[in-house]
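Notes for the one structure printed next.
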Amino acid sequence: RSLPMELSEKRGVENNGFVQNEAFEDKETGTSSQGEMPEKCSVDVDPMAVEEPVLKPYAGMPKEVLLQFSSQARYRVTREILFWLIIAGATALVCATIAIIALSPKCLDWWQASPIYQIYPRSFKDSNMDGNGDLKGIQEKLDHITYLNIKTIWITSFLKSPLKDLGFGAEDFYDIDPIFGCMKDFENLLVAIHDKGLKVIMDFIPNHTSDKHQWFQLSRNRTGKYTDYYIWQDCTQAGGSVTPPNNWLSVFGGSSWQFDDVRKQCYLHQFGKEQPDLNFRNPAVQQEIHDIIKFWLGKGVDGFSFSTVKFLLEATHLRDEPPVNKTPSGVITAYSQLYHDYTTTQVGLHDIIRSFRHTMNEYSREPGRYRFMGSNDDEKEDIEATMMYYGTTFIQEADFPFNFNLINLENLSGNSIFEAVDSWMKNMPAGKWPNWAVGSPNAARISTRIGKEYINVMNMLLLTLPGTPVTYYGEEIGMENIASGNVSEEHVNSGPVVVTLPEKSPMQWDGNVNAGFTEGNSSWLPVNSNYQSVNVEVQSTLANSTLSLYRALTSLRNDELPLNRGWMCHIWNDSNVFVYVRELDGLDRVFMMVLNFGQESATDLKAIVPNLPCEAVVRLSTHFNKAGKVVNTKLVKTEMGEGLVLEYKTTKPVHTMEAFQGKCFVAEKACYSKALNLLYVPC
Numbered sequence: 001r002s003l004p005m006e007l008s009e010k011r012g013v014e015n016n017g018f019v020q021n022e023a024f025e026d027k028e029t030g031t032s033s034q035g036e037m038p039e040k041c042s043v044d045v046d047p048m049a050v051e052e053p054v055l056k057p058y059a060g061m062p063k064e065v066l067l068q069f070s071s072q073a074r075y076r077v078t079r080e081i082l083f084w085l086i087i088a089g090a091t092a093l094v095c096a097t098i099a100i101i102a103l104s105p106k107c108l109d110w111w112q113a114s115p116i117y118q119i120y121p122r123s124f125k126d127s128n129m130d131g132n133g134d135l136k137g138i139q140e141k142l143d144h145i146t147y148l149n150i151k152t153i154w155i156t157s158f159l160k161s162p163l164k165d166l167g168f169g170a171e172d173f174y175d176i177d178p179i180f181g182c183m184k185d186f187e188n189l190l191v192a193i194h195d196k197g198l199k200v201i202m203d204f205i206p207n208h209t210s211d212k213h214q215w216f217q218l219s220r221n222r223t224g225k226y227t228d229y230y231i232w233q234d235c236t237q238a239g240g241s242v243t244p245p246n247n248w249l250s251v252f253g254g255s256s257w258q259f260d261d262v263r264k265q266c267y268l269h270q271f272g273k274e275q276p277d278l279n280f281r282n283p284a285v286q287q288e289i290h291d292i293i294k295f296w297l298g299k300g301v302d303g304f305s306f307s308t309v310k311f312l313l314e315a316t317h318l319r320d321e322p323p324v325n326k327t328p329s330g331v332i333t334a335y336s337q338l339y340h341d342y343t344t345t346q347v348g349l350h351d352i353i354r355s356f357r358h359t360m361n362e363y364s365r366e367p368g369r370y371r372f373m374g375s376n377d378d379e380k381e382d383i384e385a386t387m388m389y390y391g392t393t394f395i396q397e398a399d400f401p402f403n404f405n406l407i408n409l410e411n412l413s414g415n416s417i418f419e420a421v422d423s424w425m426k427n428m429p430a431g432k433w434p435n436w437a438v439g440s441p442n443a444a445r446i447s448t449r450i451g452k453e454y455i456n457v458m459n460m461l462l463l464t465l466p467g468t469p470v471t472y473y474g475e476e477i478g479m480e481n482i483a484s485g486n487v488s489e490e491h492v493n494s495g496p497v498v499v500t501l502p503e504k505s506p507m508q509w510d511g512n513v514n515a516g517f518t519e520g521n522s523s524w525l526p527v528n529s530n531y532q533s534v535n536v537e538v539q540s541t542l543a544n545s546t547l548s549l550y551r552a553l554t555s556l557r558n559d560e561l562p563l564n565r566g567w568m569c570h571i572w573n574d575s576n577v578f579v580y581v582r583e584l585d586g587l588d589r590v591f592m593m594v595l596n597f598g599q600e601s602a603t604d605l606k607a608i609v610p611n612l613p614c615e616a617v618v619r620l621s622t623h624f625n626k627a628g629k630v631v632n633t634k635l636v637k638t639e640m641g642e643g644l645v646l647e648y649k650t651t652k653p654v655h656t657m658e659a660f661q662g663k664c665f666v667a668e669k670a671c672y673s674k675a676l677n678l679l680y681v682p683c
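Take the sequence shown: its letters are residues 1 to 683, numbered as in full-length UniProt numbering.
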């Protein structure tokens, strides 16, 4: 049988390729002419005897064949199912993303997430051997800040001032005091700070200027718009004595009115006579302050601490302030002898503060560049007045007013610590963020104020309470005040020294001469005599040092969600101990702080919290050899000044127990999902 016949029987199709080959062979041999067509052989085949060809998909199919298959039901349905599954999956993914974003709590901002390290620049590090700390010195020591696990620096006043270190009255709001360097030094410091991922807050005192300020010189000469930049009033002068307009007193004592020989009037100064108060009822003055804020924000400053703001406005009626007690002589010279109803916290004050916030918000629109605003006024007895600086639910003022409760303690005990903490937390408006400080440039250091044995436990308290902790430089190594006899008196007015200096002694970096603060022959204040043992270099090598514990506490705070943003519940307090827990909804891990501010004590915590596990692990301790050990919660012993961070697991957190309702607080509430490993709200 011929080959075409075989193909016809097998497939029922004609292979033209073979026909063409045969034609080619004929041409080669000359047996066929150009015009002849090859003869076709016809064969009769029974259609029933030939199998119907079955076409199957194969690689490299042409478009026409592919379309034949794609239109078949089994392929079309499968394709449509896959298409809608993809659409459904994408929709679900988008919805899940939106839900996660909607349910996720607000991330803690930079001023919430990290402790704040307060630097007194003249005492931190001297870079040019003149005995005075400066901006370059701060830049040299930025690695110390990161070593402490801190990301925010607060630099106290460094603006140009004739008062130099004291810096209470600016001579020029737009310049750096030469003692600290120049504007280029500040700009370099800002770049270095931001390069390390840190933030910087600066002090700003808007209430008054120096009497050397150009504004005051123009005002005393009644020059143009500056005539009413300060608060001037007629007063009488006779026989070398001045009769002031009223009985208002300076914070430093004596009349708050000072006669000016040039203008022949008295000007108001609520602080030193070299610090005349600005007239904030003058819109031009307010605009000047806003321009100053914009200038420094434009430089790259991340926030401000506004000081003395409660003094911005005074009553216009100038009536005498009422005395606290009637004195037999009728002579009143001390600031504490008057109720300051007409010179502090006047109507309109908070409108001014809100305007500061509005200006700062203009510079907070860029993602990640929120500008922090704090107010630094110690109201002491009037906690409600302090809380007003938070603003309201709808109108924001300060992110927080700085909290001096722990600094103002008159006696130390577990009870007094509880009262200081509870007072702030109970009065703080809902949804606001707390803060804590145990030291400042205007208060004796911890070790001097309450004793060396309490340094570590105070740092433990500071770094485990909810909110933002503020550490004054040197507290991380337990620095002490220098002896007052070693301080040469620096007067800023004709009266007594108004700024204390013993807590401003130079930072103790190492055991070298002048504690590594300066390579010069002397420092502006004496270094504490204990610098050879109390310094950064020595303590960084010791596992049981104050510095090592401080670093462990900041690391724990940064790493553990309950300490970072969880509930704080007060468990117990007595004359010796203060006990509280930090916990987070959805997380079974709880931290309990047992802090001793009195004498040796033993506490049955199991009796206080019935659902408390019988045992807890010591995560951190001021007595370093106890870390990692297990304690019986029915009998937790602590020595004087000892602090324990206990860790345990439970399915019944304290803040859900009825017995502790009203004793628990949370600022940025969030819940933890173990399955998804994320935080969410609402809980």
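Every residue gets a Cβ at the ideal spot worked out from N, C-alpha and C, and that includes glycine. In this text the structure is predicted, and so the values were computed from the model without any measurement.
Query                                                                                                  : Result
Residues sharing a beta bridge with Asn596, DSSP                                                       : Val577
Between the CA atoms of Thr308 and Arg281 - distance to the nearest angstrom                           : 16 Å
Touching by the beta-carbon criterion (3+ pairs, under 8 Å), the region 408-422 and the region 382-400 : no
Own chain residues within Cβ distance below 6 Å of Asp320, not counting five before or after           : Asn246, Asn247
Within 8 Å, strictly: CB atoms of Asn132 and Ile176                                                    : no
Burial state of Ser505 (16 or more Cβ within 10 Å)                                                     : buried
Cβ-based neighbour list, Gly495, same chain, cut-off 7 Å, excluding 5 preceding and 5 following        : Its pLDDT being 38, under 50, Gly495 is placed unreliably by the model, and the measurement read from it follows with that caveat. Excluding positions up to five away in sequence, the list reads Phe252, Gly253, Gly254.
Pair within 8 Å by beta-carbon distance, Tyr117 and Thr91                                              : no
Option nearest Tyr226 by Cα separation, candidates Met183, Asn279, Asp261                              : Asn279
Of the residues Ser210, Ser484, Lys299, the one placed nearest Leu189, counting alpha carbons only     : Lys299
Whole runs of the beta strand (DSSP E) within the region 76-138, excluding any shorter than 3 residues : 116-119
Residue from Pro206, Ser71, Thr316 with nearest C-alpha to Glu288                                      : Pro206
Span of the beta strand (DSSP E), counted from its first residue to its last, around residue 759       : The structure shown does not extend to residue 759, since the chain is modelled only from 1 through 683, so no value can be given for it.
Exposure of His317, with buried meaning 16 or more beta-carbon neighbours within 10 Å                  : exposed
Inter-residue Cα distance where the pair is Ile455 and Cys569                                          : 23 Å
Contacting residues, own chain, Cβ-Cβ under 7 Å from Ile450 (five flanking each side not counted)      : Leu412
Proximity of Ser533 and Leu542 at Cβ, strictly below 8 Å                                               : no
Burial state of Leu313 (16 or more Cβ within 10 Å)                                                     : buried
Pro401 - partner residues in DSSP beta bridges                                                         : Ser375
Secondary structure of Gly300, DSSP reduced to three states                                            : coil
Span of the alpha helix (DSSP H) around Trp257                                                         : Not the alpha helix (DSSP H): Trp257 falls in the beta strand (DSSP E), residues 257-260.
Straight-line gap, Arg79 to Gly89 (C-alpha atoms, nearest Å)                                           : 15 Å
Selection from Ile608, Tyr672, Met458 that minimises the alpha carbon distance to Leu644               : Met458
Reduced DSSP secondary structure (H/G/I, E/B, other) of Gln34                                          : For Gln34, the pLDDT reaches just 44, beneath the cut-off of 50, and the residue's location in the model is therefore unreliable, although a value from the coordinates is still provided. DSSP places Gln34 in coil when its eight states are reduced to three.
7 Å CB neighbourhood of Leu103 in its chain, flanking five on each side removed                        : Tyr680, Val681
Beta-carbon proximity of Ile201 to Trp154, cut-off 8 Å                                                 : yes
Boundaries of the beta strand (DSSP E) in which Ile153 is found, first to last residue                 : 152-155
Nearest residue (CA-CA) to Lys294, options Asn427, Thr97, Phe404, Ser355                               : Ser355
Member of Phe394, His290, Trp424, Asn376 whose CA lies at the smallest distance from the CA of Tyr363  : His290
Close Cβ partners of Ser219 (< 7 Å) along its chain, the five nearest in sequence each way excluded    : Tyr226, Thr227, Tyr229, Tyr230
Any non-hydrogen atom of the ligand FAD closer than 7 Å to Ala437 Cβ                                   : Among the components modelled here there is no ligand, and therefore nothing to report on the ligand FAD.
Pick from Ser423, Tyr472, His208, Ile101 that is closest to Lys380, judged by C-alpha positions        : Ser423
Minimum C-alpha distance to Phe216 - residue among Trp524, Tyr267, Asn558                              : Tyr267
Inter-stretch contact (C-beta, 8 Å, three-pair minimum) for the region 644-655 and the region 667-675  : no
Ile201: first and last residue of the uninterrupted beta strand (DSSP E) it sits in                    : 199-204
Within 8 Å, strictly: CB atoms of Val590 and Pro562                                                    : yes
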